[in-house]
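Report on the structure given below.
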Amino acid sequence: MFHLVKIRQVMFWFLSIVVALVSYRFVVLGMDQAYAGATHQLLTSKEAFYLHIITAPIALFIAPFQLSKRFRAHSIRRHRLMGKVYCGAVFLAGTTGVIIAFNANGGLIAQSGFVLLAVLWLLATFRAMQVVMRGQMALHQEWMIRSIALTFAGVTLRVILPVQLLAGISIDVAYPAVAWLCWVPNLAVAEYVIRRSKTSQSQYA
Numbered sequence: 088m089f090h091l092v093k094i095r096q097v098m099f100w101f102l103s104i105v106v107a108l109v110s111y112r113f114v115v116l117g118m119d120q121a122y123a124g125a126t127h128q129l130l131t132s133k134e135a136f137y138l139h140i141i142t143a144p145i146a147l148f149i150a151p152f153q154l155s156k157r158f159r160a161h162s163i164r165r166h167r168l169m170g171k172v173y174c175g176a177v178f179l180a181g182t183t184g185v186i187i188a189f190n191a192n193g194g195l196i197a198q199s200g201f202v203l204l205a206v207l208w209l210l211a212t213f214r215a216m217q218v219v220m221r222g223q224m225a226l227h228q229e230w231m232i233r234s235i236a237l238t239f240a241g242v243t244l245r246v247i248l249p250v251q252l253l254a255g256i257s258i259d260v261a262y263p264a265v266a267w268l269c270w271v272p273n274l275a276v277a278e279y280v281i282r283r284s285k286t287s288q289s290q291y292a
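Quick note: the sequence shown uses our numbering, first residue 88, plus one each step.
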């Protein structure tokens, strides 16, 4: 069981950091090329697209550090600073995500899935910031878990969509599905982790 938990933690760190860094290939290759190659979107705003692909990887890169108890215990000041950067990145990426989502291919199903993801991402992050300012640390941790679960949608999308396409599912069918599958299971896992943590705390209280 211990080894399984460790494997999950390593995979979370690895995927978050690698996907975040790989996302910046667009900066190297050229932003216009990235925009032109985004055939899965019917984009109406280059600025929103550029801002989204710059800020979203920042939040994804920071996410595992913010969940790490060891990192937090080692330097609470650094944890707070990175938390502010994370929230700023989410607010920019989430706002532009809503704009992009309204123009996503895949019709109303895909658009509603991505819009709801962006809105919940913003709300969860805002709530996490709100309660920590009130000193409610337990609630802050719960909302940060939800926020980071939604941040991780950037990873699950990149895992699920290629699998669907390799399975022979057309992009017209795959994209509306991935718009929901990339974040609903993440949020379900987050709620399970939060409830299990509460149960454990009540047993040892």
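Note that beta-carbon positions come from the ideal geometry of N, C-alpha and C, so glycine has one too.
Asked                                                                                                                                                             : Found
In terms of residues, what are the limits of the alpha helix (DSSP H) holding residue 245?                                                                        : 240 to 253
My output table needs one value for residue 111: the three-state DSSP class, helix, strand or coil.                                                               : coil
CB-CB under 7 Å to residue 216, same chain, minus the five flanking residues each way: which ones, in chain order?                                                : 174
What does the alpha-carbon distance come out to for the pair residue 180 and residue 188?                                                                         : 11 Å
Assuming residue 107 contacts residue 147 (C-beta within less than 8 Å), just tell me the rounded distance between them.                                          : 4 Å
Is DSSP giving residue 256 helix, strand or coil here?                                                                                                            : coil
Tell me which residues share the same chain as residue 218 and place their Cβ nearer than 6 Å to its Cβ, disregarding the 5 neighbours each side in the sequence. : 226 and 227
Just mark residue 231 as buried or exposed, buried being the case when its beta carbon has 16 or more other beta carbons within 10 Å.                             : buried
Assuming residue 207 and residue 178 are in contact, meaning their beta carbons sit under 8 Å apart, how far apart are those beta carbons, in whole angstroms?    : Not quite, the Cβ-Cβ distance comes to about 13 Å (not below 8 Å), so this is no contact.
Helix, strand or coil for residue 223, going by three-state DSSP, please let me know.                                                                             : coil
Can the beta-carbon of residue 158 be found closer than 9 Å to that of residue 167?                                                                               : no
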